[in-house]
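Residue numbers (this note's numbering): 144 to 608. Take a look at the structure below.
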């Protein structure tokens with residue numbers, strides 16, 4: 144008897160110790176949605192306990208309990224007038240049956256609860272193991288697909304329960320964040336500037352000055368001395384110019400882009416190479432970027448917005464009909480001529496930029512605020528992706544505010560998971576029909592975005608003019 148009592152006491156002590164461990168681990172579990180999911184899915188013993196309770200409690204256990212109560216509370220026999228024996232049901236039986244059922248229900252619930260409760264430490268360990276597995280997968284993609292790494296690191300953080308695992312992943316996330324872009328609106332393509340070469344594509348071009356620097360090199364204004372016209376020359380960074388395979392891809396892309404002939408698209412004139420340097424010669428647009436226009440005006444009137452957007456959508460539609468996507472639509476890639484007409488620049492550059500990441504990690508990932516959810520998730524882009532980006536540009540132009548704010552990683556997470564504020568909450572003067580079109584272009588699922596954007600914009604432009 145003493146041995147049995149000793150074993151019971153030891154079991155109770157072990158149960159108490161495990162309960163205290165679970166109590167200490169519970170705050171970590173509650174703070175990690177991914178760990179909660181692991182706890183619920185992978186606590187197999189607790190799941191079996193729950194299943195057993197669900198199967199046995201409705202009928203089998205209550206029936207057995209009733210039998211036991213009937214054995215304990217047998218019928219009562221009384222003699223009528225002291226002569227005739229009469230048997231009655233025990234008056235306590237029904238009460239005891241009900242009490243036993245309540246006790247069994249409470250007890251089975253407690254057993255299920257304790258099974259899940261005691262599995263918390265083990266679930267946290269499994270959650271950490273899953274986080275480390277995802278972290279290693281992200282590590283393997285940093286050089287080739289930095290954007291995918293960002294997404295995986297954030298996913299790993301959802302599962303990381305212990306401070307050591309969280310710290311390891313967080314440090315890598317911060318480093319990638321530094322390599323991406325840390326601006327208030329995350330509306331820039333990550334820049335990897337390179338000094339301009341003193342060389343020119345040929346003696347035919349006279350360099351007049353630098354126009355700017357971007358993710359794909361230095362852009363200079365020049366004069367074509369043969370045709371007597373101004374041109375813009377983009378000098379590709381050395382990491383591309385000296386990579387034969389990547390340079391070949393650029394050459395083929397430039398050849399394809401040169402076939403685009405549309406008044407709303409910056410024309411590619413030539414592609415030149417000389418002694419380890421490479422240049423793209425293109426149309427020079429006298430004017431300013433839409434980014435500068437929005438910075439100056441804050442937002443556009445609805446008529447101006449529709450006029451501009453209809454022209455951009457028509458140019459995009461033409462490019463898509465030629466099988467060419469932009470992939471990095473943003474205000475900085477839309478040039479507004481002195482006549483007020485828009486021209487889209489840098490077609491196809493984003494795709495080649497990403498290819499360049501195989502050479503240098505974390506350099507170019509596009510512009511998070513204007514990036515479609517499918518691009519942010521590392522999936523293939525199509526024409527609907529460019530239209531989403533146009534919708535994001537229109538939202539900014541209509542409201543004066545970006546879709547989302549934060550650094551690059553924060554914005555990517557919001558693009559994937561958060562809905563923007565309704566446009567008319569920020570700009571109530573915009574008509575409902577225009578606001579509805581813009582918000583529909585920003586649908587998370589590509590199939591829910593409109594396909595006839597150009598026609599709708601033209602119709603809205605006519606209705607408001």
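Just so it is clear, CB atoms sit at the ideal spot from N, CA and C, and this is done for glycine as well.
{"Asked": "Neighbourhood of residue 498 by C-beta distance below 7 angstroms, restricted to the same chain and skipping five residues each side", "Found": "Because residue 498 carries a pLDDT of 41, less than 50, the predicted location of this residue cannot be relied on, and no value is offered for it."}
{"Asked": "Bounding residues of the alpha helix (DSSP H) (the contiguous stretch that carries residue 560)", "Found": "551 to 560"}
{"Asked": "C-beta atoms of residue 604 and residue 403 nearer than 8 angstroms", "Found": "no"}
{"Asked": "Proximity winner among 173, 209, 526, relative to residue 466 (alpha-carbon distances)", "Found": "526"}
{"Asked": "Start-to-end residues for the beta strand (DSSP E) that takes in residue 365", "Found": "360 to 367"}
{"Asked": "Alpha-carbon spacing of residue 292 relative to residue 204, whole angstroms", "Found": "52 angstroms"}
{"Asked": "Beta-carbon gap between residue 298 and residue 408 smaller than 8 angstroms", "Found": "no"}
{"Asked": "Backbone CA spacing between residue 572 and residue 542 [nearest angstrom]", "Found": "10 angstroms"}
{"Asked": "Inter-residue Cα distance where the pair is residue 511 and residue 554", "Found": "6 angstroms"}
{"Asked": "Residues near residue 188 by beta carbon distance below 8 angstroms, same chain, minus five either side", "Found": "258, 262"}
{"Asked": "Simplified DSSP assignment, three categories, for residue 339", "Found": "Residue placement at residue 339 is flagged as unreliable, the pLDDT there being 43, under the threshold of 50; the coordinate-derived value follows with that caveat. Residue 339 falls in the coil class under three-state DSSP."}
{"Asked": "Other residues of its chain near residue 377: CB distance less than 6 angstroms, five sequence neighbours each side excluded", "Found": "360, 362, 423"}
{"Asked": "Straight-line Cα distance separating residue 425 from residue 365", "Found": "10 angstroms"}
{"Asked": "Best match in 427, 242, 445 for proximity to residue 212 [C-alpha to C-alpha]", "Found": "242"}
{"Asked": "Option in 456, 248, 266 with minimal Cα separation from residue 182", "Found": "266"}
{"Asked": "Own chain, CB closer than 6 angstroms to residue 355, minus 5 neighbours either side, in chain order", "Found": "362"}
{"Asked": "Residue closest to residue 589, alpha-carbon to alpha-carbon, out of 565, 418, 531", "Found": "531"}
{"Asked": "Counted within 10 angstroms of its Cβ, other Cβ atoms place residue 478 as buried (16 or more) or exposed", "Found": "buried"}
{"Asked": "Residue range of the alpha helix (DSSP H) that includes residue 537", "Found": "526 to 542"}
{"Asked": "Beta strand (DSSP E) runs wholly inside the region 376 to 464, at least 3 long, in chain order", "Found": "411 to 417, 420 to 426, 430 to 432"}
{"Asked": "Residue 520 versus 462, 587, 482, 458, residue with shortest Cα-Cα distance", "Found": "587"}
{"Asked": "Cβ-Cβ distance between residue 474 and residue 427 below 8 angstroms", "Found": "no"}
{"Asked": "Residue range of the unbroken beta strand (DSSP E) whose run includes residue 487", "Found": "485 to 487"}
{"Asked": "Alpha-carbon spacing of residue 163 relative to residue 196, whole angstroms", "Found": "25 angstroms"}
{"Asked": "For residue 515, the nearest candidate out of 264, 170, 303, 583 (CA to CA)", "Found": "583"}
{"Asked": "C-beta atoms of residue 405 and residue 461 nearer than 8 angstroms", "Found": "yes"}
{"Asked": "Three-state secondary structure assigned by DSSP to residue 623", "Found": "Outside the shown range of the chain (144 to 608) lies residue 623, about which nothing can therefore be said."}
{"Asked": "Spatial neighbours of residue 175 in its chain, beta-carbon cut-off 6 angstroms, leaving aside the 5 residues before and after", "Found": "304"}
{"Asked": "Whole-angstrom distance between residue 524 and residue 191, CA atom to CA atom", "Found": "44 angstroms"}
{"Asked": "DSSP-derived helix/strand/coil call for residue 521", "Found": "coil"}
{"Asked": "Cβ-Cβ distance between residue 244 and residue 208 below 8 angstroms", "Found": "yes"}
{"Asked": "As assigned by DSSP and simplified to three states, the class of residue 350", "Found": "strand"}
{"Asked": "Whole-angstrom distance between residue 401 and residue 456, CA atom to CA atom", "Found": "20 angstroms"}
{"Asked": "Where residue 371 falls: helix, strand or coil (DSSP)", "Found": "coil"}
{"Asked": "Whole-angstrom C-beta distance between residue 540 and residue 442, which should lie under 8 angstroms", "Found": "6 angstroms"}
{"Asked": "Neighbour flag for residue 461 against chain C, beta carbons, 8 angstroms", "Found": "Any reference to chain C falls outside this structure, which holds one protein chain only."}
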